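Student:
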Amino acid sequence: MRLFKLIVTLFTSIAITSAASAAEVKMAKANWDTGYFQAEIYKQALEKMGHTVTEPKAIKPSVFYVAAAAGDLDLWVNGWFGTHDGYIKEAKGKVKTVGYVMKKGGLQGYLVDKKSADKYGIKSVMDIKANAKAWDSNGDGKADMVACPPGWGCEKQITKHFAELGLGDFINPVKADYSASMADVVAKYKNGKPVLFYTWTPNWTVGALKLGQDVVWIEVPYSGSKKVSVSNATKSKINMGFGADDIRPAANADFLKANKDIAKMLKKASIPLADIAAQNMKMNAGEKSERAIKKHAAAWIKANQSTFDSWLK
Numbered sequence: 005m006r007l008f009k010l011i012v013t014l015f016t017s018i019a020i021t022s023a024a025s026a027a028e029v030k031m032a033k034a035n036w037d038t039g040y041f042q043a044e045i046y047k048q049a050l051e052k053m054g055h056t057v058t059e060p061k062a063i064k065p066s067v068f069y070v071a072a073a074a075g076d077l078d079l080w081v082n083g084w085f086g087t088h089d090g091y092i093k094e095a096k097g098k099v100k101t102v103g104y105v106m107k108k109g110g111l112q113g114y115l116v117d118k119k120s121a122d123k124y125g126i127k128s129v130m131d132i133k134a135n136a137k138a139w140d141s142n143g144d145g146k147a148d149m150v151a152c153p154p155g156w157g158c159e160k161q162i163t164k165h166f167a168e169l170g171l172g173d174f175i176n177p178v179k180a181d182y183s184a185s186m187a188d189v190v191a192k193y194k195n196g197k198p199v200l201f202y203t204w205t206p207n208w209t210v211g212a213l214k215l216g217q218d219v220v221w222i223e224v225p226y227s228g229s230k231k232v233s234v235s236n237a238t239k240s241k242i243n244m245g246f247g248a249d250d251i252r253p254a255a256n257a258d259f260l261k262a263n264k265d266i267a268k269m270l271k272k273a274s275i276p277l278a279d280i281a282a283q284n285m286k287m288n289a290g291e292k293s294e295r296a297i298k299k300h301a302a303a304w305i306k307a308n309q310s311t312f313d314s315w316l317k
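So the number in our numbering is just where the residue sits in the sequence shown, counting from 1, plus 4.
Next up, the structure:
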């Protein structure tokens with residue numbers, strides 16, 4: 005009888021373990037294309053572990069954290085912290101960060117074309133005011149600056165800059181689709197026109213417009229951030245208006261408790277900044293279809309097989 009109970013217990017344990025490993029993962033990805041590569045690598049890792057993963061839908065941060073807190077989504081790997089800290093607080097413990105895709109890799113700020121910076125003596129975003137018409141595309145007398153679409157964490161931060169510094173008096177933030185807006189910026193620059201925009205790294209934008217050669221970072225004297233040493237800026241030390249962010253996975257807290265194998269993998273995994281930047285440039289060169297991104301991810305895994313395998317142990 006004891007032997008029978010032992011066998012039943014053993015088979016039950018195996019069945020539970022098997023069911024857990026086969027659990028479906030409801031994954032999302034950011035609605036900025038520079039995050040697609042990382043999402044695909046992590047998706048393929050989860051599949052290698054035996055999980056079924058829904059095809060990640062591109063959504064904005066304000067939607068993801070609410071859905072993850074409600075259990076409608078399980079995770080994504082496109083969290084930017086501290087920019088997304090507020091979303092985690094609003095989730096009240098229902099969404100947790102785990103591991104790092106890249107530590108302190110998320111540099112953010114405003115850039116201007118170097119020619120205009122030299123011509124007008126621009127060191128700070130406040131210096132745009134005196135010559136705002138140089139960046140005016142719609143005739144309203146204000147400089148047009150590509151900013152962040154609604155629902156992005158950086159939009160909240162830029163709104164704080166505008167409120168504190170009065171930037172709205174002389175700058176018009178363009179909040180349309182970011183990739184399309186930046187394609188327009190690159191075209192303007194190539195036609196010899198001044199450009200002004202927000203961006204982050206890693207990002208194809210600073211490959212298409214080379215830092216220090218085509219464009220330079222400018223200061224944003226916002227009280228909520230500090231001066232840091234930055235290469236390719238108008239000064240050796242500037243206040244970027246943003247802190248250097250960690251790019252991290254974020255997931256539903258109950259999901260992490262129920263799937264300890266996934267939590268363990270997320271703690272181990274990471275991707276070098278240079279590799280993400282290189283893939284982003286491939287997208288800028290035209291390799292940006294879903295099929296191409298899956299191919300890029302598979303190629304990265306193959307080139308880093310031992311590292312990838314170590315995540316899964």
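All residues carry an ideal CB built from backbone N, CA and C; glycine is no exception. These numbers come from a predicted model, not from an experiment.
Among the residues of its own chain, which have a CB less than 8 Å from the CB of M53, if the five just before and after it don't count?
Tutor: If we look at M53 and ignore the five residues flanking it on each side, its Cβ neighbours are S25, D265, I266, M269 and L316.
Student: Going straight from the alpha carbon of I20 to that of L200, what length do you get?
Tutor: Note on I20: pLDDT 43, under 50, position unreliable in the model; no value is reported.
Student: Return the first residue and the last residue of the alpha helix (DSSP H) that V67 is part of.
Tutor: Segment P65 to A74, the alpha helix (DSSP H) holding V67.
Student: Sorted by chain position, which residues of the same chain lie with C-beta nearer than 7 Å to K137's C-beta, five sequence neighbours on each side aside?
Tutor: These residues qualify, in order along the chain: G145.
Student: Quick one: what does DSSP say W84 is sitting in, helix, strand or coil?
Tutor: Strand, per DSSP.
Student: Quick check: the Cα distance between G86 and D249, rounded to an integer number of angstroms?
Tutor: About 6 Å.
Student: Out of curiosity, what's the CA-to-CA distance linking K261 and V210?
Tutor: Each residue's alpha carbon lies about 39 Å from the other.
Student: By how many angstroms is the C-alpha of P177 removed from the C-alpha of A151?
Tutor: Cα-Cα distance, rounded: 5 Å.
Student: Is the separation between the beta-carbon of G75 and that of N256 shorter than 7 Å?
Tutor: Against a cut-off of 7 Å, the Cβ pair of N256 and G75 comes out as a contact.
Student: From which residue to which residue does the beta strand (DSSP E) around G109 run?
Tutor: Counting along the chain, the beta strand (DSSP E) containing G109 begins and ends at M106 to D117.
Student: On the criterion of 16 or more Cβ atoms from any shown chain inside 10 Å, does N142 qualify as buried, or is it exposed?
Tutor: With fewer than 16 Cβ atoms within 10 Å of its Cβ, N142 is classed as exposed.
Student: Here's the rule I'm using: 16 or more other beta-carbon atoms within 10 Å means buried, otherwise exposed. How should T58 be labelled?
Tutor: It counts as exposed.
Student: Who are the Cβ neighbours of N288 in its own chain at under 7 Å, not counting the five residues just before and after it?
Tutor: Around N288: W208, G211 and A212.
Student: What is the DSSP secondary structure of S141, reduced to helix, strand or coil?
Tutor: Note: S141 maps to coil in three-state DSSP.
Student: Residues in its own chain within less than 7 Å of I45 by CB, not counting five upstream and five downstream?
Tutor: Cβ within range, chain order: I275, A301, W304 and I305.
Student: Run the CB neighbour count on D313, radius 10 Å, all protein chains shown included, and call it buried at 16 or more, exposed below.
Tutor: It is exposed - the Cβ of D313 has fewer than 16 other Cβ atoms within 10 Å.
Student: Closest Cβ-Cβ distance between S141 and chain C: below 7 Å?
Tutor: Here chain C cannot be found, since the structure has a single protein chain.
Student: DSSP three-state call for F312: helix, strand or coil?
Tutor: Of the three classes helix, strand and coil, the one that applies to F312 here is helix, per DSSP.
Student: At what residues does the alpha helix (DSSP H) containing W304 begin and finish?
Tutor: First-last of the alpha helix (DSSP H) with W304: E294 to A307.
Student: Assuming W36 and Y202 make a contact with CB atoms under 8 Å, what is their CB distance in whole Å?
Tutor: Actually they are not in contact, since the Cβ atoms of W36 and Y202 sit about 12 Å apart, beyond 8 Å.
Student: Assuming contact is defined by CB atoms lying nearer than 7 Å, are I280 and S128 in contact in what I supplied?
Tutor: Not in contact: I280 and S128 (Cβ atoms no closer than 7 Å).
Student: When DSSP builds the beta bridges, which residues end up paired with D249?
Tutor: G110.
Student: Could you give the first and the last residue of the continuous beta strand (DSSP E) run that contains Y226?
Tutor: First-last for Y226: undefined, no H or E at that position.
Student: Pull up the CB-CB distance for K64 and W156, whole angstroms please, since I reckon it's below 8 Å.
Tutor: About 6 Å; that satisfies the 8 Å criterion.
Student: Who does S233 pair with in a DSSP beta bridge?
Tutor: DSSP, once it has assigned bridges, lists K241 as partnering S233.
Student: Rounded to whole angstroms, what's the CA-CA distance from N195 to P153? Just pull it up for me.
Tutor: Their backbone Cα atoms lie some 25 Å apart in a straight line.
Student: What is the DSSP secondary structure of M53, counted as helix, strand or coil?
Tutor: Note: M53 maps to coil in three-state DSSP.
Student: So, helix, strand or coil for T58, using DSSP?
Tutor: Correct three-state label for T58: coil.
Student: Using 10 angstroms around the beta-carbon of S310, count the other beta-carbons present and answer buried if the total reaches 16, otherwise exposed.
Tutor: Exposed.
Student: With distances taken Cα to Cα, identify the nearest neighbour of K164 among N82, A72 and V224.
Tutor: Closest by alpha carbon: V224.
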